[in-house]
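First comes the structure, then the notes that go with it.
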């Protein structure tokens with residue numbers, strides 16, 4: 001989180017916190033350790049999933065059959081569009097794969113904040129953690145299109161246990177549709193985890209009161225006040241989108257949903 005604040009300060013608030021990270025690690029550890037992450041950002045959740053995947057591998061028989069990857073075993077595949085964020089995320093996972101997670105590793109990782117971090121180049125990069133779990137960052141132009149293609153293709157990609165969706169908030173139901181349409185990408189009984197479902201608490205206002213037309217009036221006042229009002233309007237519009245998603249997905253008979261009020265809201269959506 002400190003590295004993100006130093007290297008990508010505008011997005012420091014977007015990093016999954018320690019409580020949420022512990023939950024993600026635990027969930028991954030209770031499966032075969034296969035996770036599809038849609039939205040890497042700077043790699044905090046990726047690291048949590050990778051640690052959980054390695055635990056799953058240690059509990060299972062993967063140590064005798066090789067390192068997890070696309071075709072099977074404990075493996076985290078992370079999709080991201082932003083090359084700057086990918087540069088930071090890949091640096092974090094590189095440090096984790098080489099040094100582990102002890103105090104010395106944390107001290108070394110903290111030096112990343114001093115830079116420079118180079119924007120991600122190429123299409124993908126892969127790492128191995130503890131000689132068990134694999135991790136691949138894949139740079140994409142449109143994550144939804146990539147997910148839909150993966151779900152419809154007959155590739156050698158083994159299905160995942162968990163899909164973590166921290167991407168375009170206006171197309172969340174499209175992601176659920178792609179993941180629930182068949183069992184190629186997400187196995188039957190798998191989890192779709194969606195972040196930010198309470199959207200700064202504004203979803204509660206959208207649910208209880210809605211937003212009236214006064215929110216759309218022309219801004220007046222200083223440039224700072226106008227910018228703040230514009231930001232608030234965008235947040236409220238996204239909150240309405242999240243409310244619509246929450247309302248729709250809970251009625252979807254293909255899944256069952258539990259919404260957890262931790263951090264910015266996290267929904268666990270089990271595929272039936």
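Residue numbers (the numbering used here): 1 to 272. Every residue, glycine too, gets a C-beta built ideally from N, C-alpha and C.
According to DSSP, is residue i part of a helix, a strand, or is it coil?
i, result
"residue 72", "strand"
"residue 55", "helix"
"residue 35", "strand"
"residue 234", "helix"
"residue 195", "strand"
"residue 80", "strand"
"residue 248", "helix"
"residue 190", "strand"
"residue 254", "coil"
"residue 50", "helix"
"residue 270", "strand"
Can you tell me which of the options puts its alpha carbon nearest to the alpha carbon of residue i?
i, options, result
"residue 189", "122, 254 and 78", "254"
"residue 122", "241, 84, 240 and 37", "84"
"residue 144", "137, 41, 162 and 168", "168"
"residue 57", "41, 178, 128 and 105", "128"
"residue 55", "138, 36, 191 and 32", "32"
"residue 77", "235, 173 and 186", "186"
"residue 196", "158, 118, 246 and 115", "246"
"residue 201", "260, 137 and 18", "260"
"residue 67", "125, 45 and 53", "53"
"residue 198", "243, 119 and 181", "243"
"residue 204", "241, 182 and 79", "241"
"residue 173", "42, 40 and 193", "193"
Are the beta-carbon atoms of residue i and residue j separated by less than 7 Å?
i, j, result
"residue 20", "residue 171", "no"
"residue 34", "residue 166", "no"
Q. Can you list the alpha helix (DSSP H) stretches of 4 or more residues lying completely in the stretch 88–164, in chain order?
A. 103–110 and 143–152
Q) Does the stretch 123–143 touch the stretch 73–82, meaning 3 or more C-beta pairs lie closer than 8 Å? A) yes
Q.
Check whether the stretch 42–61 and the stretch 17–26 touch, using three or more Cβ-Cβ pairs below 8 Å as the test.
A. yes
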